[in-house]
Each structure stands twice: as structure tokens, then as C-alpha cells.
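Asker: Please see the structure below; I have some questions.
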Ligand code: ADP
Ligand code: AMP
């Protein structure tokens, strides 16, 4: 089962992708997480990506496409995977389709987690990320057991720089301009499924399970 998560920044792609990965036992591939790990480790890729991420802009296609195409060819992806945050532009989607066609494969589902812009800034300002393992929480909707401390690894939680309201507004603009056209792209490919992302996390997940099957 090969799945793409679509949706605005903060719509809940990562939250649902993690649950899908656990239920269907497939890898969760988040390009944002890959870039943040590279930034943390001070790699050349991380340094390049950071300059774009800090401004709320997309990292150029050439820095992200090969990374994902190489990743999905690894052995653990043989039974499928869930892509979170990729593709984010039409050229990325086309490059993915092309690379899969070469090996006789194609994506099965593009799940659009639909949340209106009005909800997004509030969602993002309450999002907290663990500095250790990158786990994501929300002050109101997905709180940790002990405030400010990761349930999984015990490290400190922070507000991501790119989740500050000004950057979120910028990212939303970038989303509408560059990523939203993918909705038509995957509608035309016949694999788009839209789910209401404004309801409770577990209810969103149940709708997705109804689509993917038990
Ligand atoms: P994305 O990966 O699309 O950027 P996240 O999965 O990180 O978004 O979710 C953004 C924030 O909103 C997180 O703090 C998360 O805990 C919270 N969140 C996710 N889904 C829901 C939901 N259905 N209702 C309320 N809050 C949610
Ligand atoms: P995310 O964690 O998915 O919200 O991604 C955080 C940031 O990483 C984005 O705002 C972009 O700057 C960058 N990024 C992640 N995935 C991509 C992608 N597929 N294409 C371009 N930039 C990306």
C-alpha cells in the first residue's frame, strides 16, 4: 500500500501518517523530518535546506526528489510506505510517478487531510516538537503526560521556528500556490481521497481506515 498524505501545513499529515504506519506496518517517510535530522547533524543538505525552511519556503525540488526516490527503493518499502510532506509541487509528483513507472509501480492513494486556513494558525501555535526524537504534540489536542516533556524519550519540547504565526502565514501562501494543485493532479490520477481533518484525531484516523480497509 503506497500512500501520499496531502494537506496544508498543520493539517495533521504527520499525526495520521504515524498511525497509518503503525497499523499497516509500513515505513513513515517524512521529508520534513529528514531535513530536520540533517539540520541537527549539521550536514550539507541540512544547511542548504535550513535557509529555505526558516523563511517558510519550499526546499528546491532537486534537493528533495532524489532523496525520496532513493528512499522508496529500500527493502523496507517493499510492502508500501506512507509519504508525508512529499510531493509538494507538481514537478515532484511527476518525478515520483516517473521513477515508480520505471520499476512498474504506482501510488495507490493520495489522502487529502482537509482543514480550513482559519484553523491552521491556532493548530500550529499549539504544536510542540521534541528536540530528541521529533515526536509531535499539541498543547490542547494531543498533550504530553508531563507538560513540556516528551512522553516517548523524556526530552524537552519546543515550538518550531517555522510554526511561529508569521512563518505559518507564509507557509500557507506557499501551500496554496505550489502544493494545492496536487489535489487536481491526484483527482485526475483517480487516487484522491479527501477526509475532514477538523474532527478529533482518532475520528480522522477511523475515516482513513475506512478508506484503506482494516
Ligand atoms: P502536519 O504534519 O500536517 O504539518 P501535524 O500532524 O504535525 O501536521 O499536526 C499539527 C498539529 O495539530 C500538531 O500539534 C498535532 O498534534 C495537532 N493535530 C493533528 N491532528 C489534529 C486534529 N484532528 N485535531 C486537533 N489537533 C490536531
Ligand atoms: P514539514 O515538516 O512537512 O511541515 O516540512 C517543513 C519544511 O521542510 C517545509 O516548510 C519545507 O521548507 C521543507 N520541506 C519538507 N518537505 C518538502 C518537500 N517535499 N519539498 C520542498 N520542501 C519541503
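In this note's numbering, the protein residues as written are 376 to 589. Beta carbons: idealized from backbone N, C-alpha and C, even for Gly.
Taking the beta strand (DSSP E) that residue 403 belongs to, which residues open and close that run?
Answerer: 403–405 is the extent of the beta strand (DSSP E) around residue 403.
Asker: Between the segment 382–397 and the segment 496–516, are three or more C-beta pairs nearer than 8 angstroms?
Answerer: The segment 382–397, when compared against the segment 496–516, does touch it at the 8 angstroms Cβ threshold.
Asker: Between residue 572 and the ligand ADP, is the CB less than 7 angstroms from at least one heavy atom?
Answerer: Answer for residue 572: yes, Cβ within range of the ligand ADP.
Asker: Our contact map puts residue 459 next to residue 376 with C-beta atoms below 8 angstroms; I'd like the distance itself, whole angstroms only.
Answerer: With a Cβ gap of about 14 angstroms, residue 459 and residue 376 do not count as contacting.
Asker: Going by the beta-carbon positions, is the gap between residue 547 and residue 383 smaller than 8 angstroms?
Answerer: Yes, they are a contact pair.
Asker: With DSSP as the reference, identify every bridge partner of residue 504, one or two as the case may be.
Answerer: Answer is 511, 533.
Asker: Could you check the C-alpha separation between residue 440 and residue 410 for me, to the nearest Å?
Answerer: So the alpha carbons of these two residues sit roughly 13 angstroms apart.
Asker: Following a CB-centred definition, is residue 560 positioned closer than 7 angstroms to any heavy atom of the ligand AMP?
Answerer: Every heavy atom of the ligand AMP is 7 angstroms or more from the Cβ of residue 560, so no.
Asker: In the DSSP output, what is residue 571 paired with across the bridge?
Answerer: Residue 571 pairs with 489.
Asker: Roughly how many angstroms lie between the CA atoms of residue 543 and residue 492, to the nearest whole one?
Answerer: The straight-line gap from Cα to Cα measures roughly 10 angstroms.
Asker: List the whole-angstrom C-beta distance separating residue 502 from residue 385, where the pair is believed to meet the contact cut-off of C-beta under 8 angstroms.
Answerer: The pair is a contact, with the Cβ atoms about 7 angstroms apart (cut-off 8 angstroms).
Asker: Below 8 angstroms on the Cβ atoms is my guess for residue 570 versus residue 489; work out the distance and round it to an integer in Å.
Answerer: Going by Cβ atoms, the distance from residue 570 to residue 489 rounds to 7 angstroms, so yes, they are a contact pair.
Asker: If you draw a straight line from the alpha carbon of residue 518 to that of residue 408, how long is it in whole angstroms?
Answerer: Their Cα atoms are separated by approximately 20 angstroms.
Asker: Which residue wins for smallest C-alpha separation from residue 497, given the options 432, 487, 550, 534?
Answerer: The option with the nearest alpha carbon to residue 497 is 534.
Asker: Give the C-beta separation of residue 436 and residue 406 to the nearest angstrom, bearing in mind that I take them to be a contact with Cβ-Cβ under 8 angstroms.
Answerer: The pair is not a contact, with the Cβ atoms about 11 angstroms apart (cut-off 8 angstroms).
Asker: Just confirm the distance between the C-beta atoms of residue 487 and residue 567, as a whole number of angstroms; I'd bet it's less than 8 angstroms.
Answerer: Right, their Cβ atoms sit about 6 angstroms apart.
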